[in-house]
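Peer 1:
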Amino acid sequence: MSKKYTQKTLIVFVLILISSCSTVQIAKNQDQISHTSSNNLSKSSGFQLFGKLGFKTSSTAGSARFDWLQQLNMYTITISGPLGSNRAILKGNEFHAEMQIQGQYIYGSPQDLSSELLGASLPLGLMRFWVMGMPAPNHSFTKDTFYKNTEIYSGFLQLDWQLDFSRHKFFDAMYLPTRIQGSNQDHSFTLIIKNWRNIPNEKLSGNG
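Per the working numbering, the very first residue in the sequence shown carries number 52; after that it's consecutive.
1. Can you grab the Cα-Cα spacing for the pair R116 / S131, in whole Å?
2. Need the endpoints of the alpha helix (DSSP H) that E167 sits in, please.
3. Does the Cβ of F240 have 16 or more other Cβ atoms within 10 Å, making it buried, or fewer, making it exposed?
4. Within 8 Å, do at least three Cβ pairs link the region 143-159 to the region 168-185?
5. For R218, does the count of other Cβ atoms within 10 angstroms reach 16, so buried, or fall short, so exposed?
6. Going by C-alpha distance, which of F222, Y158, T201 is nearest I140?
7. Are the region 152-169 and the region 214-229 touching, with three or more C-beta to C-beta distances below 8 Å?
8. Please state the DSSP three-state secondary structure of F146.
9. What first and last residue would you give for the beta strand (DSSP E) that runs through G113?
10. Our contact map puts F207 next to K194 with C-beta atoms below 8 Å; I'd like the distance itself, whole angstroms only.
11. Thinking C-alpha only, which one of Y126, M185, N137 is nearest L227?
12. Please report the straight-line C-alpha distance between F180 and L104, rounded to a whole angstrom.
13. So M183 is in the alpha helix (DSSP H); what residue range does that whole segment cover?
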């Protein structure tokens, strides 16, 4: 009986110790997360990321792999289907874009070109901010929510798109979502970020 009591006491003590350590670690991580996001996100004007895009409308659905290079307000997004099929390159900014596919060039708005390529109209110019888990500046947003005790957005509504962010990880000392979901009426998308490389401002300006 004494032995059983001792074992139970030891188990309870270990559980309390683990719980206490976890609480302290979470608190430390939250401080680090808030500090990292508020500083590094404001310093990032360029990045390269790799991942998978899933999209769905009332009439179509699909997925593709992408390689996204962002340099200031200009993006170059390479999109390909399974095993590299149907490769297309989108270049542009928030307002204008060009698409290269099968040796042809097509010009239009980012929404029109993404709709032609994927069947889903996506605001590519604004998504440079959404992939960082933050609203695009110069556009109002509402219904913003945060993860507990942090300044990290878990979601917000911007330009009729409901955005949700989850599965955050550290990339180049930046705490970023690896799953971004967006929905706008009958259009929706999911971005899964596999890898991220930050491009510091000084390199974009040619000083690095």
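Note that the Cβ used here is the ideal one computed from N, Cα and C, for glycine as well. Since the structure is predicted, the reported quantities are computational estimates derived from the model, not experimental observations.
Peer 2: Taking the geometry as given:
1. Translated into positions along the sequence shown, residue 116 becomes position 65. Translated into positions along the sequence shown, residue 131 becomes position 80. Each residue's alpha carbon lies about 5 Å from the other.
2. Working through the sequence shown from its first residue, we reach residue 167 at position 116. Looking at the DSSP string, the run of the alpha helix (DSSP H) that includes E167 is 161-169.
3. Numbered from its first residue, the sequence shown carries residue 240 at position 189. When all chains shown are included, F240 counts as buried.
4. yes
5. By one-based count along the sequence shown, residue 218 stands at place 167. Answer is exposed; the Cβ neighbour count stays below 16.
6. Here residue 140 is taken as the residue at index 89 of the sequence shown, counted from 1. If we check each option's Cα against that of I140, Y158 comes out closest.
7. no
8. Numbered from its first residue, the sequence shown carries residue 146 at position 95. Three-state result, F146: coil.
9. For the purposes of this step, residue 113 is taken as residue 62 along the sequence shown, with counting starting at 1. Note, G113: beta strand (DSSP E), 112-122.
10. The sequence position of residue 207 within the sequence shown is 156, counting from 1. The sequence position of residue 194 within the sequence shown is 143, counting from 1. About 6 Å separates the two Cβ atoms, so the contact holds.
11. As a position in the sequence shown, residue 227 is number 176, starting the count at 1. Nearest option by C-alpha distance: M185.
12. Numbered from 1 along the sequence shown, position 129 holds the residue referred to as residue 180. Numbered from 1 along the sequence shown, position 53 holds the residue referred to as residue 104. Their backbone Cα atoms lie some 16 Å apart in a straight line.
13. Taking the sequence shown and counting its residues from 1, one reaches residue 183 at position 132. Taken as a continuous stretch (DSSP letters only), M183 belongs to no alpha helix (DSSP H), as it is neither H nor E.
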